[in-house]
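**Q**
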Amino acid sequence: MASTPKNPAHLRLNPQLKYLLRHSRLLRRLLVPWLVCRHYAAYYGRPLSRDTPRSMADIINWAKAWGDLERYAPFADKYQVRHYIKAVAGESHLVPLLAVAGRSADLNWDTLPASFVLKTNHGSGWNVLVPDKNSADRAAINARLDHWLSRSFFLHSLESQYAPIKPRIIAEAYIGDPRSIPTDYKITCSKGVSLHIQADFDRSGRHIRAYLDLDWHLMKVRDGCQSPEVAPPRPTGLARMLDLAAKLSKPFPFVRVDFYEDDGRVYVGELTFTPASGLYFVDPPEFDLVFGQGVDVTGYRLPLGVDPKIFSQAAP
0 MASTPKNPAH
10 LRLNPQLKYL
20 LRHSRLLRRL
30 LVPWLVCRHY
40 AAYYGRPLSR
50 DTPRSMADII
60 NWAKAWGDLE
70 RYAPFADKYQ
80 VRHYIKAVAG
90 ESHLVPLLAV
100 AGRSADLNWD
110 TLPASFVLKT
120 NHGSGWNVLV
130 PDKNSADRAA
140 INARLDHWLS
150 RSFFLHSLES
160 QYAPIKPRII
170 AEAYIGDPRS
180 IPTDYKITCS
190 KGVSLHIQAD
200 FDRSGRHIRA
210 YLDLDWHLMK
220 VRDGCQSPEV
230 APPRPTGLAR
240 MLDLAAKLSK
250 PFPFVRVDFY
260 EDDGRVYVGE
270 LTFTPASGLY
280 FVDPPEFDLV
290 FGQGVDVTGY
300 RLPLGVDPKI
310 FSQAAP
């Protein structure tokens, strides 16, 4: 799901407010609901309903405003969530971890394989594909990583699950052929129930996105990306993806579980709690009501029921 480029200027926060929000959880709890509602109204031209959110965009913004998402931080952290994935899905479904660093200067490129992926753990879209280490511009990549480390993704998007995360760089194995970008399979779920599937493919070219039901039938809906005329090839591991998505999503009223597949083997990429920050449009717009079916926001008031000791274990 892609956010549209619309970005009203008055959504920008002044530096003083950014500083206070970054360093005060109390202030975040007080101001974030108001800011989210303000941003939502500016983007969609209507108020956000606290009582009856129905579309998926409404539900995502409701969660940003009133869902207490800071407690989701370990699951949104692309490094820490590996503990949860290992405990629930098994280590074989983790993308192999190659390195962890607090800054680019601590990243030893010489020990990394010929191809890999670099990303920061505390945001969305902050990643670099390195298909060929020998031809990569290391200085430029390191500068980009350090820039991301210095930023708060929470202040960029008001997605509070990112606010408490300690920024890190992680290096992971490149899944599939380094000459192409692997297809990304994303399963939207609620409390252990899969709702629909999103497949992103041909991302090195046109970037095509398909929305599908659980039986892999193409849904006639599109967002900012191109949509295919027919359903893309069904992954051989789809049944396993659906099973893992159900298990991993069980504690959460709304989450998207992202997968990759390589030669029939399924890998869990990450858990996404607020896709596109809830700021996007679909065509036809009525489909966003379909996407929101099956999600009950009262679930955000319930305890997660996940043993916190999972995150105190040694890193996989």
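Residue 123 in numbering that gives the first Met the number 0 sits at position 124 of the sequence shown, and the numbers go up by one each step.
Quick reminder that beta carbons are idealized off the backbone N, C-alpha and C, glycines included.
What residues in its chain sit with their C-beta under 6 Å from that of residue 303, if we drop five residues either side in the sequence?
**A** The residues are 250.
**Q** Starting from the N-terminal side, write out each stretch of the beta strand (DSSP E) that is 3 residues or longer and does not extend beyond the region 232-294.
**A** Runs found: 254-261, 264-271.
**Q** Return the bridge partner residues of residue 221 from the DSSP annotation.
**A** Its beta-bridge partners are 282.
**Q** What would DSSP say about residue 79, mapped onto helix, strand or coil?
**A** Reduced to three states, the DSSP call for residue 79 is coil.
**Q** Tell me which residue opens and which closes the alpha helix (DSSP H) that residue 140 is part of.
**A** 137-148 is the span of the alpha helix (DSSP H), which, as asked, contains residue 140.
**Q** Considering only their Cβ atoms, is the gap separating residue 59 from residue 271 smaller than 8 Å?
**A** Going by C-beta atoms, residue 271 is not nearer than 8 Å to residue 59.
**Q** Would you kindly work out how many angstroms separate the C-alpha atoms of residue 305 and residue 159, rounded to a whole number?
**A** Roughly 19 Å separates the two Cα atoms.
**Q** To the nearest angstrom, how far is it from the Cα of residue 215 to the Cα of residue 194?
**A** Cα to Cα, the separation comes out at about 12 Å.
**Q** With a threshold of 16 other CB atoms inside 10 Å of the CB of residue 257, please say whether the residue is buried or exposed.
**A** Residue 257 comes out buried.
**Q** My assumption, with CB atoms under 8 Å, is that residue 123 sits in contact with residue 188. Please give the rounded CB distance.
**A** That belief does not hold up - the Cβ atoms of residue 123 and residue 188 are roughly 18 Å apart, past 8 Å.
**Q** Just mark residue 78 as buried or exposed, buried being the case when its beta carbon has 16 or more other beta carbons within 10 Å.
**A** The residue in question, residue 78, is buried, as its Cβ has 16 or more Cβ neighbours within 10 Å.
**Q** Taking a contact to mean a Cβ-Cβ separation below 8 Å, would you say residue 294 touches residue 287 in this structure?
**A** In this structure, residue 287 does not lie closer than 8 Å to residue 294 by Cβ.
**Q** Given a cut-off of 8 Å, decide if residue 154 and residue 21 are closer than it, judged by their beta-carbon atoms.
**A** For residue 21 and residue 154, yes; Cβs fall inside 8 Å.
**Q** Does the count of Cβ pairs from the region 37-52 and the region 125-142 closer than 8 Å reach three?
**A** Output reads no: the region 125-142 does not touch the region 37-52.
**Q** Tell me the DSSP secondary structure of residue 171 in three-state form.
**A** In this structure, residue 171 counts as strand in the three-state DSSP scheme.
**Q** Compute the Euclidean distance between the alpha carbons of residue 242 and residue 127, then round it to the nearest angstrom.
**A** Their backbone Cα atoms lie some 29 Å apart in a straight line.
**Q** In whole angstroms, what is the alpha-carbon distance linking residue 208 and residue 149?
**A** Roughly 31 Å separates the two Cα atoms.
**Q** If the criterion is Cβ atoms closer than 8 Å, does the pair residue 119 and residue 163 meet it?
**A** Contact: no.
**Q** Taking the alpha-carbon positions, what's the residue 220 to residue 284 distance?
**A** The straight-line gap from Cα to Cα measures roughly 9 Å.
**Q** Hey, residue 290 and residue 62 are a contact pair by Cβ (cut 8 Å); roughly how many whole angstroms apart?
**A** The Cβ separation is near 14 Å, so there is no contact.
**Q** Give me whichever residues DSSP pairs with residue 126 in a beta bridge.
**A** DSSP, once it has assigned bridges, lists 118 as partnering residue 126.
**Q** Tell me the rounded alpha-carbon separation between residue 74 and residue 26.
**A** Taking the straight line joining both Cα atoms gives about 23 Å.
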